[in-house]
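**Student:**
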Ligand SMILES: [Zn+2]
Ligand SMILES: [Zn+2]
Ligand SMILES: [Zn+2]
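Numbering (this note's numbering), first residue to last: 518 to 635.
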């Protein structure tokens, strides 16, 4: 294990990227008052640091396929629980996209970073 004593904390509240902290559905798919499907209307997610921005949705939490759904890779959180020091994923070169471009990169789950970092 690499020493990350400063980074290792208990869970932190991170603003939901999909609804930008409003707790409402970003696109109002059902109605303008629907709660955010990514955070169930809380407006935040509990995450254990460190986290990195989701490469697949570019930290927006929105699926880049244009379906007006939360990003499948990060579930709308916009981040992945991953060390910022983790090397880029070799499969996608850090883009978080599969080679076909229609789905997130499986080895890194769309984070663009290697999963198996200690
Ligand atoms: Zn949300
Ligand atoms: Zn994402
Ligand atoms: Zn990848």
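Note that the Cβ used here is the ideal one computed from N, Cα and C, for glycine as well.
1) My output table needs one value for residue 579: the three-state DSSP class, helix, strand or coil.
2) What does DSSP give as the partner residue(s) for residue 543 in the beta ladder?
3) Would you tell me roughly how many angstroms separate the C-alpha atoms of residue 628 and residue 576, rounded to the nearest one?
4) To the nearest angstrom, how far is the alpha carbon of residue 614 from that of residue 625?
5) Would you say residue 620 faces chain D, with C-beta separation under 8 Å as the test?
**Tutor:** From the atom records:
1) Numbered from 1 along the chain shown, position 62 holds the residue referred to as residue 579. Of the three classes helix, strand and coil, the one that applies to residue 579 here is strand, per DSSP.
2) In the chain shown, residue 543 corresponds to position 26, counting from 1. In DSSP, residue 543 forms no bridge with anything.
3) For the purposes of this step, residue 628 is taken as the residue at position 111 of the chain shown. For the purposes of this step, residue 576 is taken as the residue at position 59 of the chain shown. In a straight line, the C-alpha of residue 628 is about 10 Å away from that of residue 576.
4) To locate residue 614, count along the chain shown from 1; it is residue 97. To locate residue 625, count along the chain shown from 1; it is residue 108. Answer to the nearest angstrom: the Cα atoms are 9 Å apart.
5) Absence of chain D from the displayed structure is noted, only one protein chain being present.
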